[in-house]
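Protein sequence lines correspond, in order, to chains A and L. Going by the working numbering, the first sequence runs without a break in its numbering and finishes at 204. Going by the working numbering, the second sequence runs without a break in its numbering and finishes at 818. For glycine and all other residues, C-beta sits at the position ideal for the given N, C-alpha and C. In this text the structure is predicted, and so the values were computed from the model without any measurement. One structure is given below, encoded as structure tokens.
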Amino acid sequence: MLLHAENIHKTYTTADGPFEVLRGVDLTLGGGETLALTGESGSGKSTLLHLIGGLDTPDTGVIRLNGTDMAGLDDSGRAALRRGTVGVVFQQFNLIPSLKVADNIAFQARLADQHDAAWAETLAERMGLTPHLNKYPEQLSGGQQQRVAIARTLAPKPRLVLADEPTGNLDESTAATVMDLMLELVSASGAGLLMVTHSEALAARLSRRLHLKAGQIA
Amino acid sequence: MTRVTLRALLSHWWRNPMQLFTLLAGLALATALWSGVQAVNAEARASYDAAAATLGEGQYDRLIRRDGQPMDQATYIALRRAGWLVSPVVQGRYNGVRIVGVDPLTAPGGIGPIELQDGTDIGSFFTGQGQLFANADTAADLPDLTVVVSPNTAPGTAVTDIGVAQRLLGKDNQIDSLLVLPRQPKTQAALDAVVPQLTRQQAQAGSDIGRLTDSFHLNLTAFGLLSFAVGIFIVHGAIGLAFEQRRPVVRTLRALGLPLRRLVLLMGAELMLFALVAGIVGVALGYVIAALLLPDVAATLRGLYGADVSGTLQLRPVWWLSGLAIALGGTALAASGALYKLSKMPLLAAAQPRALAMAAGQSARLQGIGAALLLTLSVTLMFTANGLIGGFGLLASLLIGAALALPLILDRILAAASAMARSVKAQWFWADTRQQLPGLSLALMALLLAMAANVGVSTMVSSFRLTFVDFLDQRLASELYVRTEDATQGAALIDFATPRVDAILPIQNADVQIAGQPTEVYGTRDHSTYRDNWVFLQSTPTPWDTTFAGQTILINEQLSRRAGLNVGDVIPLQGQDFTIAGVYGDYGNPIGQAVIGEDIFATLYPGIAPENFGIRINPDDVPTFLSELEAATGIAATQSINQAGIKAISLSIFERTFTVTTALNILTLAVAGFAILMSLLTLASMRIPQLAPAWAMGMTRSQIGKLELLRAVLLAVLTAMIALPLGLALAWALLAVVNVAAFGWQLPMYLFPADYARLGLFALLAAALAALWPARRLARTPPADLLKVFSNER
């Protein structure tokens, strides 16, 4: 099993007191499998995604990624996991504004020492970014920027791709194009995909779907 | 991983060259001012060390005659026979060069720092055939003598065998002092029994140049540090802003798998690299500043203290290493807070660049507490500080406390203005200005410090100038001063001048020790010149009557403060007691001075005949008198100097004393102006999202640009209003605490409103100039850029 999460709890402290955002969530995902995570705002979707990606730690529960228990990892261990095993696509793209498109695409792969120039080139070509490789992110449209972010995520060939509303900032037509490309490339790389989305149409395109409600799987 | 991360981090600077320039320029300027001052100090200290090594000044006890006159060879021989290990020294001026004659066979340390080089005929030195050692500059002043160039010889000094010096100086068979070697035989006759006419001057008790000039260098160092502090404000601002702007990138890097520890280390290393580059540039600039300042400093030290300092700068490791160290240390200091915050920042912390205002909430409270504590400390020190350390502690706590308080005070003023605003535009202006305050506060603090330093130092300088000019009028009342070569010529002058002038005032003095302080005691003639012109800090009702009657003594402020002597105290002089009748101001004199009547002086020091004279004469008659004097007595016109000439020389020495601090003041103000410019330029990119709504709601870009300019000027005006009282407090601390501790006298404080108004105008001009470019850029922001704010939050 690529991902195994069990009885995950997470509580945040807010101005109104403690707020339990995840209340005993269980989840599994196999290699090559695609899973949509839906739910209302505040239901805990993004939090769960962050916990699985090692961006945050659960209060209780077990998350095993590729057989590794994440609870036993320190900051460096979790960082290593994020570099090589997990790829995250953010809603806000999160590109490095001072690096050119080509360098942004290759960045995570180089960081993980898993850079494959031919694969990066393929990704750029499939994403329609070849004419823009020498541009800076600010010179691209939102859709183009998100395609750079997806290419960057896939460049190190991660085992698991986490996507947090990757098309939330895009118009409908651009969003559809970007999703087509992402699904095709994820499928080609054999990675698992866990995607947070509000879109029913998008969720329907993935192999499985889980709905979160008030911090629990509904 | 390291390479790719470094590349990503460094790419930020290539894409934001202005920010990189701010950081490097701020640090380089700060280092330049610091290392420039240190270079001057190092050069001066090296000169003192060379002088001390050459002359043994401050290192060895000396034997001198109680009456200050030279001793004969017989005295020296008597001491040697009695078992005393002493070495004779003769000193004097030849062609303006200080000639030091030593006996190389008995002198401690041989012949000082002189290195025997190719061409040195040591035999000729030992046999007294006329060889001298001096540095290249000094050698040029002695063209008719055989001089071996020795770079380590003290500036303005030539060392030679004692026999040669005696011949050159016309001091045959005379010795000025005897150096007492540190290791003496266990049994020897008591000094008083062998040479009762000599007194032993303890090491460090004499005119130790290093000690006398320490205060001057301490002042320079303080200004160097102040300038560096202003620079560090800029660096701190630039680093803080760079970290704020890179928060999203930091989050992305971590999300992509870069360990936090590695990130912090790399960002630290990146800054250290910049610090090194800026440090090297700063040290090079510092060299230029020092090379420009050194001639004035050298002239000042020569004029004020008689200390010879080389006017040529050498690249000494002590200052360029300290420059680099302070650049690296300053950056580490400025960056430590930002790096600490980064290391504690959760990965999922808000990634949007936060205006510095957002972070200001909690730190404002801490800043307020810090300011209150420091200002309380400064008030306490105002009443308790009585030494140099306390004085500088007072300055530091006052300046830093006020700088910390500035943003809080400005915030309150702006909040009040905002509450009183009637129109919508005014309300927006005040609120927006208040929002800009945290981003500009470091630059405004720099401006506050620079202006306060300017007000403080210019008040001190101008107060000193006024007092000094009065003092010169008081002390240089005679129209003409004549220097004779010996007592015979002195007598000839008196004979010739007596029927032709209003009065002849002999100037004669003996070097003595009073209460352990080296002091010059003067024998002064009873004349209205003194009675009418001298001003006492404290005195009996008739100080001159009793002094001229031989019953009392007058002392200068330095001796009064250092020896704790006041009016009414009794001083023994040559076995006779004198009551102090008055204490007078004696500005610029490093040592103690005392005045007794002419007659009693002649009784106590019968061997001293006056060789210098003040002449009271109608100024119009001076040229005729001088030509007749030369014809009748052979006293050349070059041996005399008129009052106006002395005043001009004294004033020029005095003016040069402050050339250095004035130059540093201007540089500090320029650095502050630069800080404002850089802050505004760096903030300009962050301003667009704040200004776009105002533009969208109907304000033109030109109006927005003008308001930006007005905002900078307004903040500068408010800062200037706070800087004025701070600067006056600084001046008071300098005059009443630091000056007393450093120089031994207190100066009255005068106010110079016109100077302050002019300075305020300069500051406003600097702020307006600094704001002009960013305002123009904002006024010309393409509408497309403003629209982007609404199309894309980022």
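Please return the same chain residues whose Cβ sits closer than 7 Å to the Cβ of residue i, not counting the five positions on each side in sequence.
| i | result |
| --- | --- |
| alanine 161(A) | Thr153 |
| tryptophan 772(L) | Tryptophan is not the amino acid found at residue 772(L); the sequence shown has proline there. Around proline 772(L): Ser487, Thr491. |
| leucine 192(L) | Tyr118, Ile123 |
Give the secondary structure of residue i by DSSP, where H, G and I count as helix, E and B as strand, and everything else as coil.
| i | result |
| --- | --- |
| isoleucine 641(L) | coil |
| phenylalanine 157(L) | strand |
| arginine 711(L) | helix |
| leucine 115(A) | coil |
| proline 530(L) | strand |
| glutamate 151(A) | coil |
| asparagine 580(L) | strand |
| asparagine 636(L) | strand |
| glycine 129(A) | helix |
| glutamine 617(L) | strand |
| tyrosine 774(L) | coil |
| valine 188(L) | helix |
| leucine 238(A) | The first residue shown for chain A is -13 and the last is 204, placing residue 238(A) beyond what the model contains. |
| proline 209(L) | coil |
| tyrosine 364(L) | helix |
| proline 542(L) | strand |
Shortest alpha-carbon distance to residue i belongs to which of the options?
| i | options | result |
| --- | --- | --- |
| glycine 353(L) | Glu654(L), Phe298(L), Gly120(L) | Phe298(L) |
| alanine 470(L) | Thr522(L), Gly292(L), Met702(L), Ala308(L) | Met702(L) |
| threonine 184(L) | Thr170(L), Ala178(L), Phe157(L) | Phe157(L) |
| tryptophan 454(L) | Leu731(L), Pro806(L), Gln663(L) | Leu731(L) |
| isoleucine 350(L) | Ala668(L), Ala54(L), Gly751(L), Leu748(L) | Ala54(L) |
| tryptophan 452(L) | Val307(L), Gly616(L), Trp719(L), Gly187(L) | Trp719(L) |
| alanine 214(L) | Ala102(L), Ala799(L), Leu366(L) | Ala102(L) |
| serine 584(L) | Gln541(L), Thr564(L), Glu622(L) | Gln541(L) |
| glutamine 208(L) | Asp593(L), Arg271(L), Gly107(L) | Gly107(L) |
| tyrosine 84(L) | Thr627(L), Gln97(L), Ala63(L), Val113(L) | Val113(L) |
| alanine 98(L) | Val273(L), Gln714(L), Leu202(L), Leu473(L) | Leu202(L) |
| valine 218(L) | Gly116(L), Arg104(L), Thr400(L) | Arg104(L) |
| glycine 181(A) | His(-5)(A), Leu34(A), Ala88(A) | Per the sequence presented here, residue 181(A) reads as methionine, with glycine not at that position. Out of His(-5)(A), Leu34(A), Ala88(A), Leu34(A) has the C-alpha closest to the C-alpha of methionine 181(A). |
| alanine 52(L) | Leu750(L), Ala668(L), Trp344(L) | Trp344(L) |
| alanine 587(L) | Thr570(L), Ile746(L), Thr543(L), Gln43(L) | Thr543(L) |
| leucine 366(L) | Leu401(L), Val559(L), Ile263(L), Met296(L) | Ile263(L) |
| leucine 739(L) | Val764(L), Ile712(L), Gly697(L) | Gly697(L) |
Going by DSSP, what residues sit across from residue i in a beta bridge?
| i | result |
| --- | --- |
| tyrosine 84(L) | None, per the DSSP bridge assignment. |
| aspartate 96(L) | Gln198(L) |
| phenylalanine 560(L) | Tyr608(L) |
| tyrosine -2(A) | Phe5(A) |
| serine 664(L) | Val506(L) |
| histidine -10(A) | Thr14(A), Arg50(A) |
| tyrosine 118(L) | Val121(L) |
| lysine 199(A) | Gln202(A) |
| valine 448(L) | Partner(s): none; valine 448(L) has no beta bridge. |
| arginine 597(L) | Note on residue identity: the sequence assigns leucine, not arginine, to residue 597(L). Looking at the DSSP assignment, leucine 597(L) forms a beta bridge with Gln600(L). |
For residue i, I'd like the list of residues in its chain whose CB is within less than 6 Å of its CB, leaving aside the five on either flank, ordered along the chain.
| i | result |
| --- | --- |
| alanine 189(A) | Ala22, Thr24, Thr183, Arg195 |
| valine 619(L) | Tyr546, Thr548, Leu578 |
| methionine 168(A) | Ile136 |
| aspartate 42(A) | His36 |
| isoleucine 700(L) | Ala467, Ala791, Ala794 |
| alanine 131(L) | Ser111 |
| valine 171(L) | Leu156, Ala158, Ala163 |
| alanine 229(L) | No answer about alanine 229(L) holds up, because its pLDDT of 40 lies below 50 and its placement is not dependable. |
| phenylalanine 560(L) | Gly606, Tyr608 |
So, at 8 Å on beta carbons, what are the nonlocal neighbours of residue i in its own chain, with the 5 sequence-adjacent residues on each side left out?
| i | result |
| --- | --- |
| valine 646(L) | Glu503, Leu504, Asn666 |
| aspartate 102(A) | Ala95, Ala141, Lys143 |
Flag residue i as yes when its Cβ comes closer than 7 Å to any non-hydrogen atom of the ligand ZN, and as no otherwise.
| i | result |
| --- | --- |
| leucine 41(A) | This structure simply doesn't include the ligand ZN, nor any ligand for that matter. |
Segment contact, 8 Å Cβ cut-off, at least three pairs: the segment 270 to 285 of chain L with the segment 91 to 104 of chain A = The segment 270 to 285 of chain L is in contact with the segment 91 to 104 of chain A.
Between the segment 429 to 441 of chain L and the segment 385 to 402 of chain L, are three or more C-beta pairs nearer than 8 Å?
-> Short answer: they touch.
With contact counted as at least three CB pairs below 8 Å, one residue from each stretch, are the segment 64 to 80 of chain A and the segment 142 to 156 of chain A in contact?
-> A contact exists between the segment 64 to 80 of chain A and the segment 142 to 156 of chain A.
If you pair each beta-carbon of the segment 597 to 609 of chain L with each one of the segment 626 to 638 of chain L, do three or more pairs fall below 8 Å?
-> At 8 Å Cβ cutoff, the stretches touch.
Decide if the segment 108 to 126 of chain A is in contact with the segment 80 to 88 of chain A; the criterion is three or more beta carbon pairs, one per stretch, under 8 Å apart.
-> Here the segment 108 to 126 of chain A makes contact with the segment 80 to 88 of chain A; the two share three or more CB pairs at distances below 8 Å.
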